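Numbering (our numbering), first residue to last: 4 to 340.
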């Protein structure tokens, strides 16, 4: 930390002197240019962080997410930082492998939306901001069971059908549930505990092996930078969403989608494998096992209901995972129509 006495102050006659500031900037720029090239490139690459991109703003507000300033500073910065940004809509640029798109339950009402259909397969990182009251069709465990029986008449209920999933190429998904959940979901937490304690006690992360429908669960660190950014900047389409929901309970889940065969990952301390189960199956007798499974089903209902495209089978695009077109072949999406 820089000692306080080393910082210039107005009393020194420097802080309010524009020429002094310009000299400092010029000196800093000159010093930066003399750094080794590999160090400069490392600094440039670290200067671009993931952004939280609100879907409603991206769609309705021109230039809501312009390409970051650092990508335009000079040729060296441009070469190192601009790759991966793609034009989306009216003046926005998105880095699909880095930025986190935020949507809300309104997406479940989109039975047909051509711009969204073109955007969705490109999205790799998503946050679902669930601040609406639960839909009556899945509000309670028994209602969700009936929904699964109707829409997933298969041997493994709840296994996500990615040809009917809005975002078939997701790698990371955050789900922020605002408000209380029905008691049938077994999310037991003492409401008398401080807000931050309750938030941390219910936060979980999951690894989901898609092909084999295998799930692992572990506590989620809410101090992880990207999760903090989602909680701090995420919202629904209403700009005052955070203020309207101030003080309400939150439950945070993160899902990491895994391809290929199930394997034990390095650094898996704290992770437990849980077996996805039908809501009609008898609950396990061991309390932790039951709660872990139920905790996954709360996530599963977002995948199978809220983020499921309800178009007819004739309208469903055959968009298998990991088959979005390469960047050079992508055309600008969400253009004005």
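Don't be surprised by glycine CBs; every beta carbon is placed ideally from N, CA and C.
All values reported here derive from a predicted model rather than from experimental measurement.
Here's a check: name, in chain order, each residue in its chain whose Cβ is nearer than 6 Å to the Cβ of residue i, leaving out the five neighbours to either side.
{"i": "residue 83", "result": "44, 47, 48"}
{"i": "residue 312", "result": "167, 169"}
{"i": "residue 174", "result": "127, 260"}
{"i": "residue 199", "result": "none"}
{"i": "residue 176", "result": "129, 258"}
{"i": "residue 39", "result": "none"}
{"i": "residue 270", "result": "none"}
Give me, in chain order, the residues of the same chain whose beta-carbon lies closer than 7 Å to that of residue i; leave out the 5 immediate sequence neighbours on both sides.
{"i": "residue 68", "result": "54, 56, 61, 95, 96, 97"}
{"i": "residue 58", "result": "104, 105, 106"}
{"i": "residue 317", "result": "Annotation note: pLDDT 44 at residue 317 (below 50); position unreliable, coordinate value reported separately. For residue 317, where only same-chain residues beyond five positions count, there are no Cβ hits under 7 Å."}
{"i": "residue 183", "result": "252"}
Under a Cβ-count criterion, where at least 16 other Cβ atoms within 10 Å of its own Cβ denotes burial, should residue i be classed as buried or exposed?
{"i": "residue 261", "result": "buried"}
{"i": "residue 296", "result": "buried"}
{"i": "residue 282", "result": "With a pLDDT of only 46 at residue 282, under 50, the local geometry of the prediction cannot be trusted, and the value read off the model is given with reservation. Residue 282 comes out buried."}
{"i": "residue 72", "result": "exposed"}
{"i": "residue 31", "result": "Residue placement at residue 31 cannot be trusted, given a pLDDT of 44 that sits under 50; what the coordinates show is reported in the next sentence. Exposed."}
{"i": "residue 256", "result": "buried"}
{"i": "residue 235", "result": "exposed"}
{"i": "residue 74", "result": "buried"}
{"i": "residue 136", "result": "exposed"}
{"i": "residue 342", "result": "Given that the chain is displayed from residue 4 to residue 340, the structure contains no residue 342 and the question cannot be resolved."}
Should residue i and residue j be called a contact, given that it needs their Cβ atoms to be closer than 8 Å?
{"i": "residue 247", "j": "residue 253", "result": "no"}
{"i": "residue 220", "j": "residue 299", "result": "yes"}
{"i": "residue 192", "j": "residue 205", "result": "yes"}
{"i": "residue 80", "j": "residue 233", "result": "no"}
{"i": "residue 308", "j": "residue 258", "result": "no"}
{"i": "residue 141", "j": "residue 302", "result": "no"}
{"i": "residue 147", "j": "residue 266", "result": "no"}
{"i": "residue 143", "j": "residue 185", "result": "yes"}
{"i": "residue 222", "j": "residue 273", "result": "yes"}
{"i": "residue 134", "j": "residue 70", "result": "no"}
Among the candidates the options, whose CA atom is the shortest distance from the CA of residue i?
{"i": "residue 128", "options": "116, 172, 153", "result": "172"}
{"i": "residue 99", "options": "125, 312, 293, 185", "result": "125"}
{"i": "residue 65", "options": "92, 215, 42, 120", "result": "92"}
{"i": "residue 212", "options": "276, 308, 224, 228", "result": "276"}
{"i": "residue 214", "options": "80, 164, 186", "result": "164"}
{"i": "residue 78", "options": "108, 110, 36", "result": "36"}
{"i": "residue 202", "options": "306, 122, 230", "result": "230"}
{"i": "residue 306", "options": "150, 86, 269, 116", "result": "150"}
{"i": "residue 227", "options": "85, 207, 51, 239", "result": "207"}
{"i": "residue 63", "options": "137, 310, 118", "result": "118"}
{"i": "residue 310", "options": "136, 268, 86, 110", "result": "110"}
For residue i, which residues does DSSP report across the bridge?
{"i": "residue 98", "result": "88"}
{"i": "residue 300", "result": "Residue 300 is not bridged to any residue."}
{"i": "residue 242", "result": "None; residue 242 has no bridge partner."}
{"i": "residue 218", "result": "211, 277"}
Leaving aside the five residues before and after residue i along the sequence, list all residues of the same chain whose C-beta is less than 8 Å from its C-beta, in chain order.
{"i": "residue 26", "result": "Its pLDDT being 45, under 50, residue 26 is placed unreliably by the model, and the measurement read from it follows with that caveat. Nothing listed; no residue qualifies."}
Does residue i come within less than 8 Å of chain C when only Cβ atoms are used?
{"i": "residue 294", "result": "Of the protein chains in the structure, only one exists, and it is not chain C."}
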